[in-house]
Amino acid sequence: PLFVIGGLALDITATTAKTTATSILHTSTPGSVRQSLGGVGRNVAEAAFRTGGNVHLISTVGDDLSGEAVLQGMRSIGMVYNALHSNDGQLVAAVADMNIFEQMNDSKVIEKGILQELY
294 PLFVIGGLAL
304 DITATTAKTT
314 ATSILHTSTP
324 GSVRQSLGGV
334 GRNVAEAAFR
344 TGGNVHLIST
354 VGDDLSGEAV
364 LQGMRSIGMV
374 YNALHSNDGQ
384 LVAAVADMNI
394 FEQMNDSKVI
404 EKGILQELY
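For the sequence shown, the working numbering begins at 294 and goes up steadily by one.
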């Protein structure tokens, strides 16, 4: 098996409407918002999974609506970065709420029995 230890996130991407003026700071801006599964570790695990790999993703996930959305998304394929993009897809601003990874440590991984398969 392949063990991937890394980030698991819900990417939230906001894109300004094509009719929006170039100045979008300090005001509400018309556009659209979409959510997708993200996190480098999750992306690597999904790529390996989709090519037939026996993959185990070791990460941490919040006990909240976003955490449930990520888990449901992974279940739907068999397996918290926020960004604002301009109407041509360029990154304008981003916030990466990765504080949850401070809660992840090897004692919790071992406690859950995940690493037993490694030895």
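Even for Gly, the Cβ is constructed at its ideal location relative to N, Cα and C.
Would you mind working out which of Leu330, Thr309 and Met372 sits nearest Val348, comparing C-alpha positions? Ranking the options by Cα distance to Val348, first place goes to Met372.
Does the Cβ-Cβ distance between Ile300 and Arg335 come in under 8 Å? One point to set straight first is that residue 300 is Gly, not Ile, in the sequence displayed. Taking 8 Å as the cut-off, the Cβ atoms of Gly300 and Arg335 count as close.
What is the DSSP secondary structure of Gly346, reduced to helix, strand or coil? Note: Gly346 maps to coil in three-state DSSP.
On a Cα-Cα basis, can you pick out the residue from Phe296, Ile298 and Ala302 that is closest to Val358? Here residue 358 is Leu; the residue named in the question, Val, does not match the sequence. Taking the Cα of Leu358 as reference, the smallest distance to any Cα among Phe296, Ile298 and Ala302 is reached at Ala302.
Counting only the same chain and skipping the five closest in sequence on each side, list residues whose C-beta sits under 6 Å from that of Ala310. Only Pro323 and Gly324 meet the Cβ criterion.
Cutting at 7 Å between CB atoms, please list the residues of its own chain near Ser369, excluding the five before and the five after it. Contacts found: none.
I'd like the list of long-range same chain contacts for Leu295, defined as Cβ closer than 6 Å, with 5 residues on each side in sequence excluded. Ala341, Gly346 and Val348, listed in sequence order.
Taking 8 Å as the threshold (C-beta atoms), are Ser329 and Asp304 in contact? By the CB criterion at 8 Å, Asp304 and Ser329 fall inside the cutoff.
Taking the alpha carbon of Gln383 as the point to measure from, which residue in Gly332, Ile298 and Ala307 has its own alpha carbon closest? Nearest option by C-alpha distance: Ala307.
Give the straight-line distance between the Cα atoms of Glu339 and His319, rounded to the nearest whole angstrom. Cα-Cα distance, rounded: 37 Å.
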